[in-house]
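Residue numbers (the working numbering), protein chains in the order written: chain A, 3 to 370; chain B, 3 to 370; chain C, 3 to 370. By construction, the Cβ of each residue, glycine as well, lies at the ideal position given by its N, Cα and C atoms. Presented below is the structure to which this report refers.
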Amino acid sequence: MIETPFLVDQYCHGVLRTELGLGTFEAQLSRTEGPPAPGTTLFDTQTGFAVRRWCPPLLGLEPHCAPARYLARRRELGALEAGRRLLRGSGITTYLVDTGLPGDLTGPGEMASAGDAEAREIVRLEPLAEQVADTSGTVESFLANLAESVHGAAATAVAFTSVAGLRHGLALAPEPPGPGEVRGAAGRWLAGRRVGGALTDPVLLRHLLWNAVASGLPLQLHAGLGEPGYRADRTDPVLLTDFIRATAGLGTDLVLLHGYPYHRHTAHLAGVFPHVYADSGAALVRTGARAATVLAEILELAPFGKILFSTGAHGLPELHVIGARLFREALSRVLGGWVAEGAWVRADAQRVARLIAADNARRVYGLG
Amino acid sequence: MIETPFLVDQYCHGVLRTELGLGTFEAQLSRTEGPPAPGTTLFDTQTGFAVRRWCPPLLGLEPHCAPARYLARRRELGALEAGRRLLRGSGITTYLVDTGLPGDLTGPGEMASAGDAEAREIVRLEPLAEQVADTSGTVESFLANLAESVHGAAATAVAFTSVAGLRHGLALAPEPPGPGEVRGAAGRWLAGRRVGGALTDPVLLRHLLWNAVASGLPLQLHAGLGEPGYRADRTDPVLLTDFIRATAGLGTDLVLLHGYPYHRHTAHLAGVFPHVYADSGAALVRTGARAATVLAEILELAPFGKILFSTGAHGLPELHVIGARLFREALSRVLGGWVAEGAWVRADAQRVARLIAADNARRVYGLG
Amino acid sequence: MIETPFLVDQYCHGVLRTELGLGTFEAQLSRTEGPPAPGTTLFDTQTGFAVRRWCPPLLGLEPHCAPARYLARRRELGALEAGRRLLRGSGITTYLVDTGLPGDLTGPGEMASAGDAEAREIVRLEPLAEQVADTSGTVESFLANLAESVHGAAATAVAFTSVAGLRHGLALAPEPPGPGEVRGAAGRWLAGRRVGGALTDPVLLRHLLWNAVASGLPLQLHAGLGEPGYRADRTDPVLLTDFIRATAGLGTDLVLLHGYPYHRHTAHLAGVFPHVYADSGAALVRTGARAATVLAEILELAPFGKILFSTGAHGLPELHVIGARLFREALSRVLGGWVAEGAWVRADAQRVARLIAADNARRVYGLG
């Protein structure tokens, strides 16, 4: 009933180019610190069940077929052709692709051609700084090259993204670090660092954030459930409040990614601060049959012009599919339910659905 | 099906006496730090949609009409007449009015006559102390006048309310500050203060709280999502646990206001401590079509004799209307749903509904 | 529609052997710091309403009858016979019983015979250490006897359980304390302690946890809403993240009990760490008519092979009954609803239901 002809996936990654077996596929379904517990499988999760529901029909199989059968069919088609069918079946019309993760992943151009869609690049700040460090000999050249890299990226990317909150916690000092402080931190980091070493120094993380803020591009900040290796209690987006306040009025929008299980906090911040936006994305992929409730919780406090769809998908085109399908179904159920109850009228529901699915993202990222 | 003939709004403010245009009306729909983001409007929020649903019919228009049309009709009637129609259409039979906010707001007497209802005053502690400071020359006179003011207010008010948690955070030291400590803090505050300066000193905030506790009147504490300018992570009501424990058995009830998104924590505290009560109010106004779920979450742990209805409305009589309508609809849906499922019986549901709508508040505030 | 022929209650206590009057029964319905507030009763809670729904029919009365009538019938039958009828009516086929709480409570053997079920013992670490301290003259003998007691308990118990998180907060230093540190803490504790004194020293609590980890038995950790006397903000299970990481790969499973209102955090940890499991239990007894929603929230992130049913019941066999009935009804409604919507297929729902009801517990605790 609620229709969303366009779908801008405002945060995702590319898909793996390699062929996957049952075990390597399963390992991509979830972010864990270790293999599945004995006697369990990651297919027995909301994500696994959603993949089994939505993806087999796109490859010519019945929904909910056994994982082994699905993987056999996927290998039969080959990763490239399976990916093509899946991405085209997702309904996504624009992909904004974070290219900062390692692995044999497709870039924006390949996502566009495989998915018969538009695609643009999001630049992840921390790997950018790590690459600059790999090739800079001195503190001065590192800082100059970093500034130039951020400036250069801003010319083509649609947004920056940062995982400072997952690496250090979101309770970073809100103000930009001073030049001496930055030079000191850069010196210590470069001196102790081997090629490829990860950036976790809070002064340099803040320096990066403020460089991105100065570019004027929207800045996407990871919050909520993070990567393995980090602590979820340090990623509550309300910890960002002082940084948000410090960046108010500068003309740069902040997009709070993920959020779950603190998505109500994200929605609150999007309601209070004009330059803050709430992602409705990756949480749906993780919570599957519960996606409508999670989306409804975001819709409690976030103004409808401040919510952005994404899949957060990474590695498997199946995740793009379920991110899009779960979102559309959840949106239709939640907004359609409110219309059925008489709380909303259909025209408003339809308008809000298109805002969240595509129009808000077009406005924030300046898409055509 | 579930009927609540009486409705005691145990926490609200007065309404603006001035005529409002589209922009000034919109600005009252939400608490933000800045104007709506470009391309967005605060009418596109749960609060805005709820106003458009419930209020136009009270002014003779169809539900969900466009905001400009509604505002034109409102100006045609005039703020006074529109307010009269709205308040009388809310179904609220008693207003407990916090008179401590600035602005051209109606007081309890005007609320009573406009709304054809009862009204009583709630005294906000911090502005009371600020007024006393404005007119006291010395630390000694300030402290003596403050004690007298609190004592005097207790003679006519039905409750005190404090925003100490929003100004300082709820993790205040639980015990009353000693006399020397209070004198020292008062001296520093008065010396550095200009007329009208806000009270944020934690020692004086605690001194105020304990003065209020000594009065024996119920003390309403703001928690959860607060005012702009504050940090939501410092207002989780569980941070009050030690203060709650310190005030147990003294004969003074504590009412935890708002709570959302920590309303499950509020409900827990109301379940554990005999003198703690949970507000079911302002969150419903903010979450609109989701009000039934938010109310149901409060009903998980809070004993049914410990939950109090409020609207938390401020400035717009439309907010009193939606606070009352959303509450009644949510209560009916939640309790009626449990009856339909066989989990509860109708007589219990009806009895619990009346407790929350009015009878608990009558008992706690000693209303006739 | 969803059937669970076996039900392993993976965490509960025994029932009181004494006859109960209306007041003593009511006091067992909830954990509070004080008597019910004037004008309120603990029967007016979700737990009270659930008892009135499910238990009277097991004693030959109509559902939802008045508490006084139910208590009269209970006394007429006697505590022993009423307990027999209630436990046998619960549907629980195996009880894992924490024997570490004081009071005139039945042990595993009596639970088995009264309930016509299997029963096994869970050993609570802190009372074990307190008993050892009562009978040990020196630090050396205390530490040696403690090690021996833990070792001995591991031979017959199915699990250890710890309330370190409720006594100290879950933000314990993650690593095992060194031998000198343990001896020092033990010396200070024993010197200052009277017989029966409670263990709250964080070094000794950690020493106990690591002794339990070394045994290889599953270790159940209390988190979330705790006992009166503690602070809920210190029991968020994400505070355990570093301890969880420190115990990864050692072969000992950790079971996070209760969790609510942080049960989504518990579910997240069960998803990230292979050796972590999520309890779906006591929260249902506390939230009654809301049990389906609470269970569904656990089912968002927790892999289905990592969720374990329990009642957490203590003192009243009525709590075992409602824990089991609410769980079965919630499970059927949640999983059955997903089948009805087409999100899941029936065979998967049935399989997942049996995992959570019994099979996961059998695997984790090595039950026959």
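query: Which residue spans inside the region 200-285 of chain B form an unbroken beta strand (DSSP E) run of at least 3?
result: 221-225, 256-260 and 278-281
message: Looking at the strands, I want to know which residues DSSP matches up with T96 (chain B).
response: B:V10 and B:E120
field: Nearest-angstrom beta carbon gap, A81 (chain B) and L22 (chain B) [assumed within contact, 8 Å]
entry: 7 Å
message: Under 8 Å: do the region 107-126 of chain C and the region 158-172 of chain C share three or more Cβ pairs, one atom per stretch?
response: yes
message: Does V197 (chain B) come out as helix, strand or coil in the three-state DSSP assignment?
response: coil
query: So K308 (chain A) packs on Y279 (chain A), CB below 8 Å; how close in whole Å?
result: 5 Å
message: For L242 (chain C) and P176 (chain C), what's the separation of their Cα atoms in angstroms?
response: 8 Å
message: Distance cutoff 7 Å, beta carbons only. Does F275 (chain A) sit that close to anything in chain B?
response: yes
- request: For L310 (chain C), write down the residues that DSSP places opposite it in a beta bridge.
  value: C:D281
- prompt: Is L44 (chain C) helix, strand or coil when you go by DSSP?
  reply: coil
message: Which residues in chain B have a C-beta closer than 8 Å to the C-beta of F51 (chain C)? List them in chain order.
response: A345, W346 and D350
message: Going by DSSP in three states, R19 (chain C) sits in which element: helix, strand or coil?
response: coil
query: Should R236 (chain C) and T202 (chain C) be called a contact, given that it needs their Cβ atoms to be closer than 7 Å?
result: no
message: Quick check: what's the CA-CA separation for F7 (chain A) versus V354 (chain A)?
response: Looking at the sequence shown, residue 7 (chain A) is not Phe but Pro. Whole-angstrom Cα-Cα distance: 13 Å.
query: How many Å lie between E183 (chain C) and G189 (chain C) at the Cα?
result: 10 Å
task: Verify the CB distance criterion: does P263 (chain B) have a CB-CB separation below 7 Å to chain A?
output: yes
Which residues DSSP lists as bridging L107 (chain B), in chain order: B:L18
- request: Counting only the same chain and skipping the five closest in sequence on each side, list residues whose C-beta sits under 6 Å from that of I358 (chain B).
  value: I309 and F311
message: For chain B, check one thing: does any of its Cβ atoms lie closer than 7 Å to the Cβ of P220 (chain A)?
response: no
query: DSSP state of V125 (chain A), grouped into three classes?
result: strand
field: Assigned secondary structure, T289 (chain A) (DSSP; H/G/I helix, E/B strand, else coil)
entry: helix
message: One question on the structure: do P276 (chain B) and L258 (chain B) come within less than 7 Å of each other, judged by their Cβ atoms?
response: no
task: Locate the beta strand (DSSP E) running through V26 (chain B), then write down its first and last residues.
output: The sequence given here has Thr at residue 26 (chain B), not Val. Premise fails: T26 (chain B) lies in the alpha helix (DSSP H), L24 to A29, not in any beta strand (DSSP E).
message: I'd like the ranges of any beta strand (DSSP E) spanning at least 3 consecutive residues and lying wholly in the region 124-165 of chain C.
response: 161-164
- request: Please classify G85 (chain A): does DSSP put it in a helix, a strand, or coil?
  value: helix
task: Would you check if the distance between the CB atom of H260 (chain B) and the CB atom of A284 (chain B) is smaller than 7 Å?
output: yes
- request: From the DSSP output, in three-state form, read off G317 (chain A) for me.
  value: strand
Rounded C-alpha distance that separates P65 (chain B) from E142 (chain B): 57 Å
- request: Please classify P220 (chain B): is it buried, with 16 or more other beta-carbons within 10 angstroms of its beta-carbon, or exposed?
  value: buried
message: For the pair the region 10-24 of chain C and the region 76-96 of chain C, tell me if three or more CB-CB distances fall below 8 Å.
response: yes
message: Quick check: the region 316-325 of chain C against the region 341-349 of chain B, are at least 3 beta-carbon pairs closer than 8 Å?
response: no
message: Once the 5 residues before and after L88 (chain C) are set aside, which same chain residues still bring their CB inside 8 Å of it?
response: C57, L60, L61, P319, E320, H322 and V323
message: As a quick exercise: from A:G339, A:G91, A:T43 and A:E83, pick the residue whose alpha carbon is nearest that of A70 (chain A).
response: A:T43
message: So the candidates are B:R288, B:I246 and B:V296; which of them puts its Cα closest to the Cα of A272 (chain B)?
response: B:I246
Cβ distance (whole Å) where L174 (chain C) is taken to contact S151 (chain C) below 8 Å: No, L174 (chain C) and S151 (chain C) are not in contact; Cβ-Cβ is about 21 Å, not under 8 Å.
task: Check whether the Cβ atoms of D11 (chain C) and T268 (chain C) lie closer than 7 Å to each other.
output: no
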